[in-house]
Amino acid sequence: MKTELVTTLKRQATKILADLHQTKEPVLITEHGQPSAYLLDVSDYEFMLERMKILEGIVRGEATIQDGRTLSNDDAKERMSKWLK
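So that you can map any letter, position 40 of the sequence shown is 107 in the numbering used here, and since no number is skipped, the others follow by simple counting.
Here it is in structure tokens:
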């Protein structure tokens, strides 16, 4: 992963963004020697958001199973049939 100082970002934003779009490699921006932010390509960021939504759904499903809030197949079909008519 590429690392840039915030001052370099200020001076060379166009070049850094062009490199980012070409390589698709995230850029870590540092301030005073500490990590401050990541620059990501828009499509990579949107892909990450979609993945997180899927993972959050899986976690909710697992929690539902752990809590015992499940239905039998017949009960689920019956409930769904009300919406599918």
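No residue lacks a Cβ here, since even glycine has one placed at the ideal position from N, Cα and C.
Fair warning: this is a prediction, and the values are worked out from it, not measured in the lab.
- Burial state of Leu151 is exposed, judged by a 10 Å Cβ sphere holding fewer than 16 other Cβ atoms.
- Residue pairing by DSSP places Ile132 opposite no residue, since no beta bridge is assigned to it.
- The three-state reading of DSSP puts Leu72 in strand, counting E and B together.
- With a cut-off of 8 Å on Cβ pairs, the region 100 to 120 is not in contact with the region 132 to 139, counting fewer than three such pairs.
- Rounded to the nearest whole angstrom, the C-alpha separation of His99 and Thr131 is 45 Å.
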